[in-house]
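Numbering (the numbering used here), first residue to last: 22 to 370. Think of the CB as a built atom: it goes at the ideal place given N, C-alpha and C, for glycine as much as any other residue. Structure first, then comments.
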Amino acid sequence: MKRTYLDWNATTPLRDEAREAMIAAMDVTGNPSSVHGEGRAAKSLIERARGQIASALGADGADIVFTSSATESAALAMAGRDLHCADIEHDAVTSWGDASLPVAADGMVTVTDPAKSVLQLANSETGVIQTLPDGLWCVDATQGFGKIPFAFNWSGATMAMISAHKIGGPKGIGALVMKRGTDIAAQIKGGGQEMGRRSGTENVIGIAGFGAAAAAAARDLDAGVWTHVEKLRTILEKELAESVKDAIFIGNTATRLPNTVNFAVPGWKGETQVMQMDLAGYAISAGSACSSGKVKASRVLRAMGHDEMTAMSSVRVSIGPQTTETDIRGFVAAYVAAYTRHKARNATG
Numbered sequence: 022m023k024r025t026y027l028d029w030n031a032t033t034p035l036r037d038e039a040r041e042a043m044i045a046a047m048d049v050t051g052n053p054s055s056v057h058g059e060g061r062a063a064k065s066l067i068e069r070a071r072g073q074i075a076s077a078l079g080a081d082g083a084d085i086v087f088t089s090s091a092t093e094s095a096a097l098a099m100a101g102r103d104l105h106c107a108d109i110e111h112d113a114v115t116s117w118g119d120a121s122l123p124v125a126a127d128g129m130v131t132v133t134d135p136a137k138s139v140l141q142l143a144n145s146e147t148g149v150i151q152t153l154p155d156g157l158w159c160v161d162a163t164q165g166f167g168k169i170p171f172a173f174n175w176s177g178a179t180m181a182m183i184s185a186h187k188i189g190g191p192k193g194i195g196a197l198v199m200k201r202g203t204d205i206a207a208q209i210k211g212g213g214q215e216m217g218r219r220s221g222t223e224n225v226i227g228i229a230g231f232g233a234a235a236a237a238a239a240r241d242l243d244a245g246v247w248t249h250v251e252k253l254r255t256i257l258e259k260e261l262a263e264s265v266k267d268a269i270f271i272g273n274t275a276t277r278l279p280n281t282v283n284f285a286v287p288g289w290k291g292e293t294q295v296m297q298m299d300l301a302g303y304a305i306s307a308g309s310a311c312s313s314g315k316v317k318a319s320r321v322l323r324a325m326g327h328d329e330m331t332a333m334s335s336v337r338v339s340i341g342p343q344t345t346e347t348d349i350r351g352f353v354a355a356y357v358a359a360y361t362r363h364k365a366r367n368a369t370g
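Here it is as structure tokens:
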């Protein structure tokens, strides 16, 4: 059975450019902290990637600290500080901040004290894009980077967290971008790598892939690739709305990422929908999460004011540049068939 991947917000397929850069980096033997030729060669790969990311992110002149993930970047940016966030943020952010910022029904957040707040650029579940206030302490740019125009130097934020695997790079490598001169305390101490902010021998292979992916993502964005993706998203949403009359589309009154559709059929559990689509050959995700075997309603949807049933019934379809119109129409047909069976069961049960 042919598989169709429609879960790009969870992780993206590895780009050819990233794969090639990583393969080449595997042949570089030296430790980047060593001063001999082999060490300098490894260090050169890291600095090349740092430059590629700075260029793609509009962060020239900023410090870029490589981490293991955006989750680690959040810890580095937030640990030991009294910071505010909203309940729609990723767990990596809400784990460190006071999730007290108000969220409107369309998913937009009101920030009252930017210098003490963390705010996402775009939400991973709904795709809703935020308006960033000037002076924001940190922006979680993980989902928006590479999909929409964004320049760190123009954002007004002091820091930004990003991750490679959201832009076609490898998993297990992220970065914290910060205005030069920003004072943060290292959470991992040791040899003093990454300007003393994150010790440990650098993941040279992952960093090389990250840099190559960032450069390729910037080229795609400039070429209008995501404009085409948005057209496919419009087809998907329109056809679903026409065929699934009781579907509730989440966040569609706000500006969203060009690739994301979140919708709910109240009473039809999200994880059931995901399993049925998986059996049909389509990878999507539920708006709910599992923890210790207990299914929870989407915290994002609850923060937006949706009731428990709706929050339990949401699913997300997130597409990318490799998605085709055939993929979209095939998914709609498979989803409508499953929806029809669901309605028939409910009518007879």
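Item, Value
"Boundaries (first-last residue) of the beta strand (DSSP E) holding THR281", "281-285"
"Rounded separation between GLN164 and LEU142 - CA only", "7 Å"
"Residue ranges of each alpha helix (DSSP H) within the region 218-296, 4 or longer", "225-243, 246-264"
"Integer-rounded CB distance, given that SER306 should sit under 8 Å from ASP84", "Incorrect: roughly 34 Å between the Cβ atoms, too far for contact."
"Per-residue burial, ASN367 [other beta carbons within 10 Å of its own, 16 or more giving buried]", "exposed"
"SER309 classed as buried or exposed, judged by whether at least 16 other C-beta atoms fall within 10 angstroms", "Unreliable positioning characterises SER309 in this predicted model, as indicated by a pLDDT of 49, which lies under 50. A coordinate reading is not provided."
"Straight-line gap, GLY213 to GLY189 (C-alpha atoms, nearest Å)", "29 Å"
"First through last residue of the alpha helix (DSSP H) which encompasses GLN73", "58-78"
"Distance, LYS23 Cα to PRO34 Cα", "16 Å"
"Member of GLU110, ASP127, CYS106, ASP112 whose CA lies at the smallest distance from the CA of SER121", "CYS106"
"DSSP state of MET22 mapped onto helix, strand, coil", "coil"
"Stretch-stretch touch, CB-based, cutoff 8 Å, three pairs: the region 154-172 with the region 292-307", "no"
"For ASP155, three-class secondary structure by DSSP", "coil"
"Proximity winner among ASN224, ALA229, ASP161, ILE209, relative to LEU197 (alpha-carbon distances)", "ASP161"
"Range covered by the beta strand (DSSP E) that runs through HIS105", "105-107"
"DSSP three-state assignment for THR347, whether helix, strand or coil", "helix"
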